[in-house]
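Report on the following structure.
Right under this line is the structure:
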């Protein structure tokens, strides 16, 4: 059971990320995206539902004997690289830390080799030049590459990247996105890419899942979600962004009004109905199920029949 007064930040998420796949989780601030990432990486404990990894139920696992191997296989890249890096540690020690704590190397020679490999894979070359540096001596893009290297060092099978480029200059963003795509291509790892930015999601992802107030409202291929969105919230998100690839066929739905409501006060019925220009009486009473609207394309809206 949930503790009294608990806020349900994420509800009924049914999200799969396959090996070698990039799935983007898209939504506004307050939609519950980061909570999903923290639950998957076991930085937050869910109060309901199940977390399955390769068929194994990890929901209630807490002991270090179970979590240590899980954390080797599932890593997180945080939004704010400056906050994520210990200012008193060198780049070498930052990237070496997970290798040491998860006991993945037997000697210093192995440690140096793994740190060097990870930094090079994250685009920091020659990697040895960065060993003695401290975070304040690096640019924003270099700091984010160090965070990526720290996650890569343990050779994970799934990386959860929480808004990894939102604090970087536009010129650096494409480079970091390319690093993530290259990692997927080279190592066949899975990536859950969390973002508020739909065009960015379309650039990097195979599939896009749209989250609103803790519930998935639409999921499909990157092209389906970007160019043929079926849920009014997804349509509004797309209409609020610059045009993508000659995307002239935009619906006439008005732009989103207001903010995402608090997770402590989830509206009855469809969660989006207070902000939806198409809402009717049923939307205010019953929460719509996710219905198939095309191959691999689901939408939770009473109008998407």
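Residue numbers (this note's numbering): 1326 to 1630.
Don't be surprised by glycine CBs; every beta carbon is placed ideally from N, CA and C.
Small disclaimer: the values here were computed from a predicted structure and weren't measured.
Cβ neighbours of residue 1478 within its own chain (closer than 7 Å, five residues either side excluded): 1420, 1423, 1424, 1439, 1440 and 1443. Exclusion of the five residues before and after residue 1555 leaves 1618, 1624 and 1629 as the residues of its chain whose Cβ lies within less than 6 Å of its Cβ. Contact between residue 1531 and residue 1547 is confirmed by a C-beta separation of about 6 Å, below the 8 Å threshold. In the structure shown, residue 1465 adopts helical secondary structure according to DSSP, grouped into three states. In the structure shown, residue 1385 falls within a coil segment according to DSSP collapsed to helix, strand and coil.
Between residue 1411 and residue 1614, the alpha-carbon positions lie close to 44 Å from each other. Counting C-beta pairs closer than 8 Å gives three or more between the segment 1477-1494 and the segment 1517-1536, which meets the contact rule.
Straight across, the Cα-Cα distance linking residue 1466 with residue 1505 is about 13 Å.
Secondary structure at residue 1378: strand, using DSSP grouped into helix, strand and coil. Residue state for residue 1405 is assigned as coil, using DSSP reduced to three classes. Annotation: the continuous beta strand (DSSP E) that includes residue 1540 extends over 1540-1546.
Using a Cβ distance threshold of 9 Å, residue 1447 and residue 1474 count as a contacting pair. Excluding its 5 nearest sequence neighbours in each direction, residue 1544 has C-beta neighbours in its own chain below 6 Å: 1534 and 1623, listed in chain order. DSSP links residue 1616 through a beta bridge to 1624. Less than 9 Å separates the beta-carbon of residue 1537 from that of residue 1597. Taking 9 Å as the cut-off, the beta carbon of residue 1398 is found closer than this to the beta carbon of residue 1483. Residue 1561 holds the alpha-carbon nearest to the alpha-carbon of residue 1602 among 1452, 1561 and 1462. Collapsing the DSSP output to three states places residue 1392 in a helix.
Within the same chain, Cβ atoms closer than 6 Å to the Cβ of residue 1566 are found at 1523 and 1524, the five residues on either side in sequence being excluded. DSSP lists 1516 as the bridge partner or partners of residue 1347.
In this structure, the beta-carbon distance from residue 1368 to residue 1358 does not fall below 9 Å. When only Cα atoms are considered, residue 1590 and residue 1512 end up about 42 Å apart. The DSSP-derived three-state label of residue 1483 is strand.
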